[in-house]
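Protein chains: 2
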Amino acid sequence: MYYAVPVSCFCQQKLNLGAMNIGVDMMGGDFAPLEAVKGLKSYLSRQDGNATLFCFGDEQTVKPLLEDHGLSGKNIVTVHAPEVIGMDEHPTKALKEKQQSSIAIGFYMLATGKIDAFISAGNTGAMLVGSLYSIRAIPGVLRPAISTVVPKLNGGTGILLDVGLNADCKPEHLNQFAILGSLYAKDIFGIENPKVGLLNVGEEEGKGNILAQSTYPLLKENSHINFVGNVEGRDLLMEKADVIVCEGFTGNIILKMAESFYDVAQNRGLNDDYLERFHYENYGGTPVLGVAKPVIIGHGISKASAFANMITLGEKMITSNIINEMVDSFAETAKV
Amino acid sequence: MYYAVPVSCFCQQKLNLGAMNIGVDMMGGDFAPLEAVKGLKSYLSRQDGNATLFCFGDEQTVKPLLEDHGLSGKNIVTVHAPEVIGMDEHPTKALKEKQQSSIAIGFYMLATGKIDAFISAGNTGAMLVGSLYSIRAIPGVLRPAISTVVPKLNGGTGILLDVGLNADCKPEHLNQFAILGSLYAKDIFGIENPKVGLLNVGEEEGKGNILAQSTYPLLKENSHINFVGNVEGRDLLMEKADVIVCEGFTGNIILKMAESFYDVAQNRGLNDDYLERFHYENYGGTPVLGVAKPVIIGHGISKASAFANMITLGEKMITSNIINEMVDSFAETAKV
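If you're matching them up, the sequences are chains F and V in order. Heads up, the first sequence is in numbering that gives the first Met the number 0, so the first residue is 0 and it goes up one at a time. Heads up, the second sequence is in numbering that gives the first Met the number 0, so the first residue is 0 and it goes up one at a time.
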């Protein structure tokens, strides 16, 4: 309701309504807009970088910068957004008061179908509020979640969710995360019939806190997923499960701890291909899973490659048709 | 109640009632009894290794092994324990049925004051059950906890608790963990006025799940501790806090994940002094904090140096008088 942006703000633009339109908040993140611009360039230089990019930001700042980087073709559309939501602003308040901000305009365009995916490395809270209240959850999804990529020691890739959107969860939330994560692992990582694990303190059924104990039977009976049982902290990086579900409190601690281990390795001068995969730049950002359109939130310290990777992820989410699969899956679940 | 071991089982021994008697389960752990014997030898060879060691195990197996390693002096007392509790046995059932086991006898001797500390790398569940039901909690302590050493990047050492004894906690439990952890950091690590942090998903008061939100005000008002606020997953290895409290679910995941990172580093051939500090052998085992006598539980894969370090820790817990300090602290808390 907060994002009723006057149509005038963008309808004067010569919109390129291509097959795939991805919106990027040019003002979000510690290194915006320069690194966002570089990221766009990097994305477009990729062989398969063929989306039209909608750039939300202050036109006077962004346009010359785009041109300086040779980005002025038909793949680039600048949408003037004179306001910026700061990294430390109160999300709901800022979105309400700054309807001309790059984030508010981005969500408006996503909600109205002008773009197919929206990406920002800006105020995380505002991105979440926008996702939940402007885009909204897929019917049947009780709690959208955010996730993190888990680099597996064997070279594979897993997903852990929730990593911070839902600090307190009920068993049925974790059961839904398992479905969302499974579709993501299949469509984005290309894992057929991904193995789902419940993060827990022991291997056997019956182990864990009340939440884990109550979630286990739900996962066991969920015919939409391939549940393989409990996984412990030591199994996270191993092959045991592709999709690992937990409440957002523990997930967030794990995410930040893993980032910290990467920083420590850097600090200690340890160069290693596997550890390098923990660098957030490699995966870019986290999608908000369970909302009705692709929204990707980047790290505040995102640089060019993170932006490029987020756009590629947005493209993958659009072409894979993952959102419709989620819609179908939850419509089916609701019938049962 | 389960540990009413017949006095005959040890009163025939010529007991060495020295100033400090530490009991060691010789049959516990994957590499028992050989690594336990080597650990004893390593401990006694240290300049300050001056406790009398009570060795619980099958005499016919343990005694010759001790003698083979030159361990037959007045510092060594063998106590015959013909039974062994296996690593996978049900803790309560095993302790009830195997009263002649090394763990049952160890707890009996600790409860009756024949030894001052008890150490085992055997069945963790049995060690916990023994701690809670044979030794019991210090009056006023609602929930004893287990902890892990946190190697800080700056060279210091912190403590994280609970790491698995209490999968579900209430705010008052975490508030008590803060007191137990602070005394441990002071007495064992020598940190004056240790900084206490609440593990959380954000820095500001009000962040987190319901448990963290409700715990924050208790910690803030607790005059027995030096509360410094929330700490995030990324702060664990940093200087922000010496004592970090959380419920045992998240703590256990963190502990096992940190162990896994160490294993990964080994697997990748990364040699680093700091990462080496994550090796469990360096700290040996975890004390059960909040019970009325020093009990130390070792990793099932403990080798000689882990045993030696556990004995040294037991010695430190005895000489530092930490248990009495805990008793006094909780007696004082109860008065308020």
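Don't be surprised by glycine CBs; every beta carbon is placed ideally from N, CA and C. Being a predicted model, the structure only gives us computed values, none of them experimental.
Subject >> Boundaries (first-last residue) of the beta strand (DSSP E) holding K97/V >> reply: Neither: K97/V is in no beta strand (DSSP E) and is coded neither H nor E.
Original post:
Any contact of the segment 318-333 of chain F with the segment 21-29 of chain F, i.e. 3+ C-beta pairs under 8 angstroms?
Top reply: no
Original post:
Would C54/V pass as a contact of V83/V if the rule is Cβ separation under 7 angstroms?
Top reply: no
Original post:
Could one say the Cβ of N251/F lies closer than 7 angstroms to chain V's Cβ atoms, at least one of them?
Top reply: yes
Subject >> CB of I310/V within 7 angstroms of CB of Y42/V, strictly >> reply: yes
**OP:** Give me the Cα-Cα distance between Y132/V and A291/V, rounded to the nearest whole angstrom.
**Re:** 11 angstroms
Original post:
When the Cα atoms are used, what is the spatial distance from G69/F to M316/F?
Top reply: 27 angstroms
Original post:
In terms of residues, what are the limits of the alpha helix (DSSP H) holding A125/F?
Top reply: T123 to G129
Original post:
Name the chain V residues whose beta carbon is nearer than 9 angstroms to that of Y215/F?
Top reply: Those do not exist, as Y215/F stays about 13 angstroms from chain V at its closest Cβ, beyond 9 angstroms.
Original post:
Can you name, in chain order, every residue of its own chain whose Cβ lies under 6 angstroms from the Cβ of G105/F, other than the five neighbours on each side?
Top reply: G22, D24, F55 and F117
Original post:
Taking just the CA atoms, how far does T318/F sit from A93/V?
Top reply: 58 angstroms
Subject >> Close-in-space but distant-in-sequence residues of the same chain around N199/V (CB under 6 angstroms, 5 per side omitted) >> reply: K206, G207, A211 and N229
Original post:
L198/V touches chain F at which residues, Cβ-Cβ below 7 angstroms?
Top reply: I252
Original post:
Any beta-carbon of chain V closer than 7 angstroms to the one on S301/F?
Top reply: no
Subject >> Candidates V148/F, E171/F and A184/F: closest to V162/F by CA position >> reply: V148/F
Subject >> Cβ-Cβ separation, S259/F to L236/V (assumed contact under 8 angstroms), whole Å >> reply: 6 angstroms
Subject >> Alpha carbon of L159/V to alpha carbon of L274/F, nearest angstrom >> reply: 25 angstroms
Original post:
If you run the structure through DSSP and keep just helix, strand and coil, what is S222/V?
Top reply: coil
Original post:
What residues in the segment 124-154 of chain F have a beta carbon less than 7 angstroms from any beta carbon of chain V?
Top reply: L152
Original post:
Can you find a CB in chain F that lies within less than 7 angstroms of the CB of Y273/V?
Top reply: yes
Subject >> Status (buried if at least 16 other CB within 10 Å, exposed otherwise) for S100/V >> reply: buried
**OP:** Look at A305/V and E280/V and say whether their C-beta atoms are less than 7 angstroms apart.
**Re:** yes
**OP:** Please report how far the alpha carbon of V263/F lies from the alpha carbon of D67/F, in whole angstroms.
**Re:** 37 angstroms
Original post:
Sorted by chain position, which residues of the same chain lie with C-beta nearer than 8 angstroms to A330/V's C-beta, five sequence neighbours on each side aside?
Top reply: P138 and G139
Original post:
Measuring CB to CB, does K255/F end up less than 7 angstroms from G232/V?
Top reply: yes
**OP:** Please list the partners that I209/V has in chain F, where partner means a Cβ-to-Cβ separation under 7 angstroms.
**Re:** D167
**OP:** Hey, could you find the ends of the alpha helix (DSSP H) H172/F is sitting in?
**Re:** P170 to D186
**OP:** Measure from the C-beta of E231/F to each C-beta in chain V and report whether the shortest distance is under 7 angstroms.
**Re:** yes
**OP:** Starting from the beta carbon of E258/V, find every residue of chain F whose beta carbon is closer than 9 angstroms, and list them in chain order.
**Re:** G232 and R233
Original post:
Taking 7 angstroms as the CB-CB cut-off, is C10/F touching chain V?
Top reply: The predicted position of C10/F is uncertain, since its pLDDT is 40 and thus under 50; a value taken from the coordinates is nonetheless stated next. So, not an interface residue.
**OP:** Please work out which residues of its chain come closer than 6 angstroms, Cβ to Cβ, to R142/F, disregarding the five sequence neighbours upstream and downstream, and give them in chain order.
**Re:** N165 and H172
Original post:
Name the chain F residues whose beta carbon is nearer than 9 angstroms to that of N266/V?
Top reply: L152 and Y273
Original post:
Rounded C-beta distance between E58/F and H79/F? I'm assuming under 8 angstroms.
Top reply: 4 angstroms
**OP:** On a CA-only basis, which of G124/F, V36/F and T77/F is nearest I296/F? Give me that one, please.
**Re:** G124/F
**OP:** Could you tell me which residues DSSP puts in a beta bridge with D24/F?
**Re:** F55/F
Original post:
Where does P63/V fall in DSSP's three states?
Top reply: helix
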